[in-house]
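2 protein chains.
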Amino acid sequence: MKKEQDSPEDLLLALPKGRVADEVLPLLRAAGIEPEAEFGRPGSRKLRFTTNVPGLEIIRVRSFDVATFVAFGAAQLGVAGSDVLMEFDYQEVYAPLDLRVARCRLVVAEPAELASSDDPDRWSHIRVATKYPEICRRHFAARGVQAECIKLNGAMELAPGLRLCRRIVDVVDTGRTLQANGLVEVEHIADCSARLIVNRSALKTRPESLGLWIERLRKVVDGA
Amino acid sequence: MKKEQDSPEDLLLALPKGRVADEVLPLLRAAGIEPEAEFGRPGSRKLRFTTNVPGLEIIRVRSFDVATFVAFGAAQLGVAGSDVLMEFDYQEVYAPLDLRVARCRLVVAEPAELASSDDPDRWSHIRVATKYPEICRRHFAARGVQAECIKLNGAMELAPGLRLCRRIVDVVDTGRTLQANGLVEVEHIADCSARLIVNRSALKTRPESLGLWIERLRKVVDGA
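Structure below.
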């Protein structure tokens, strides 16, 4: 349901769907934010939720969209993986707090049989499938490797077996998906985790209300 | 499971997840292609499936990725919405057959209260949220409207209510999602439907095996 008019003091927190939200919810609860019951209902198609805090609502969007909603000031607060923040690099997004959950690694992987005789230091021109074309371009440009980065939205692990490319850049948690597809990590790009993000303009105009939530969550994370 | 070695005569058909696949499956069956039982199992995480046809396998990927897998020759055949084909405009993708299912419209929508006093012919500079930034840019450039197209991966219908933008470009089927969010169509960009797509190079090197499936599906569609 669309609200007719938001109060200028209302705050909107953008959360991503999936695993990150599951790991972040206990932190939000410890900081005093309890979403309405519908938020946790599997299969719910609702996108906007009230909370126990008057004037604080939550929207649930794709993980890649959280940073966009916050960058354009549609949400003042958000939770996004550092992989997403690296990919978009929005100037309007300020990430004051590492929530230290939803940890993963951003890596380059290739088929095990290729890796056994391959030396990444010798790459000059490669093709890579990835959800993160900007990170991919920057990483290989910094290494002096010319990389054709093909954007895929999912199922990266299929690409080398189908000869779309021989390498992928993806986030890895346990490594089981790579293993099941005969792939091994050959380069580490970054360690990632969920971050609290804030719209910079909103932080300037409403330092008290936003600062309150940053500080509450900082205490929760430091005490954890 | 990754196959060790595909025969050069093996064919791979890329299908999208979700509604398009549900509507296309009956056509594939009528043309003689029956995927293994696991294909229809809800919640299955499998990505690659055998069929009753020796040497013909199916991969299930995101709708935006079907065109990419076919463009790079990782799959020789695919089914993609014409919205996806318009967005990517890959030269290597040939779309010989309109499957006439999964029909929808690509439209510009805005809040009903804005539309009542708004004249699209007077737009000069607008901001639009969309899954289709390329279509959006081309559409408004052709109309002489300067459009800032913000890519979102989902939940477009939230954007106007949160003042991310006032207009969205999205595909519309029944129109219920727009209505539930207080939005109305103000411009029609294109009618869309599912298309059979083929990799152009594969069609040159394997005209018989690919031509067979194009013709079988053509007969099914013409008889429907």
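Note that the protein sequences, when read in sequence, are chains A and G.
Take 1040 as the starting number for the first sequence in this note's numbering and just add one per residue.
Take 1040 as the starting number for the second sequence in this note's numbering and just add one per residue.
Note that CB positions come from ideal geometry on N, CA and C, so glycine has one too.
**OP:** Check the Cβ of V1100 (chain G) against every Cβ in chain A and list those closer than 9 Å, keeping chain order.
**Re:** L1191, N1192, G1193, A1194, L1197
Original post:
How about I1236 (chain G) and L1067 (chain G): are their beta carbons less than 9 Å apart?
Top reply: no
Subject >> Validate contact between the segment 1187-1196 of chain G and the segment 1093-1103 of chain A using beta carbons, cut 8 Å, 3 pairs >> reply: yes
Original post:
Which residues, in order along the segment 1074-1104 of chain A, keep a beta-carbon less than 9 Å from a beta-carbon of chain G?
Top reply: L1086, R1087, I1098, R1099, V1100, R1101, S1102, F1103, D1104
Original post:
Which ranges does the beta strand (DSSP E) cover as unbroken runs of at least 3 residues, wholly within the segment 1176-1227 of chain A, from first to last along the chain?
Top reply: 1185-1190, 1206-1211
**OP:** Might you give, ordered along the chain, the residues of its own chain that have their beta carbon closer than 6 Å to the beta carbon of E1187 (chain A), omitting 5 neighbours on each side?
**Re:** R1166
Original post:
Can you give, in chain order, each stretch of the beta strand (DSSP E) that sits fully within the segment 1103-1171 of chain G and has at least 3 residues?
Top reply: 1116-1120, 1132-1137, 1143-1150, 1164-1169
Original post:
Does the pairing of the segment 1153-1164 of chain A with the segment 1046-1057 of chain G give three or more beta-carbon distances under 8 Å?
Top reply: no
Subject >> N-terminal and C-terminal residue of the beta strand (DSSP E) that E1096 (chain G) is part of >> reply: 1095-1100
Original post:
Secondary structure at P1065 (chain G), three-state DSSP: helix, strand or coil?
Top reply: helix
**OP:** Give the secondary structure of D1049 (chain G) by DSSP, where H, G and I count as helix, E and B as strand, and everything else as coil.
**Re:** coil
Original post:
Which whole-angstrom value describes the C-beta separation of T1089 (chain G) and I1072 (chain G), a residue pair presumed to lie in contact below a C-beta threshold of 8 Å?
Top reply: Not a contact, Cβ separation roughly 11 Å.
Original post:
Roughly how far, in whole angstroms, is the beta-carbon of G1112 (chain A) from the beta-carbon of S1248 (chain A), given that I think they are within contact range, below 8 Å?
Top reply: Actually they are not in contact, since the Cβ atoms of G1112 (chain A) and S1248 (chain A) sit about 14 Å apart, beyond 8 Å.
**OP:** Run down chain G in chain order and give the residues with a C-beta less than 9 Å from the C-beta of L1217 (chain A).
**Re:** Neighbours of L1217 (chain A) on chain G: none; closest Cβ ~11 Å, over 9 Å.
Original post:
List, in order along the chain, the chain G residues whose C-beta lies closer than 9 Å to that of A1229 (chain A)?
Top reply: Simply none; closest approach about 22 Å.
**OP:** Could you spell out where the alpha helix (DSSP H) holding I1236 (chain A) opens and where it closes?
**Re:** Note, I1236 (chain A): premise wrong, no alpha helix (DSSP H); beta strand (DSSP E) at 1233-1238.
Original post:
Cβ of G1057 (chain G) less than 9 Å from any chain A Cβ?
Top reply: no
**OP:** Look up R1087 (chain A) in the DSSP assignment and say whether it is helix, strand or coil.
**Re:** strand
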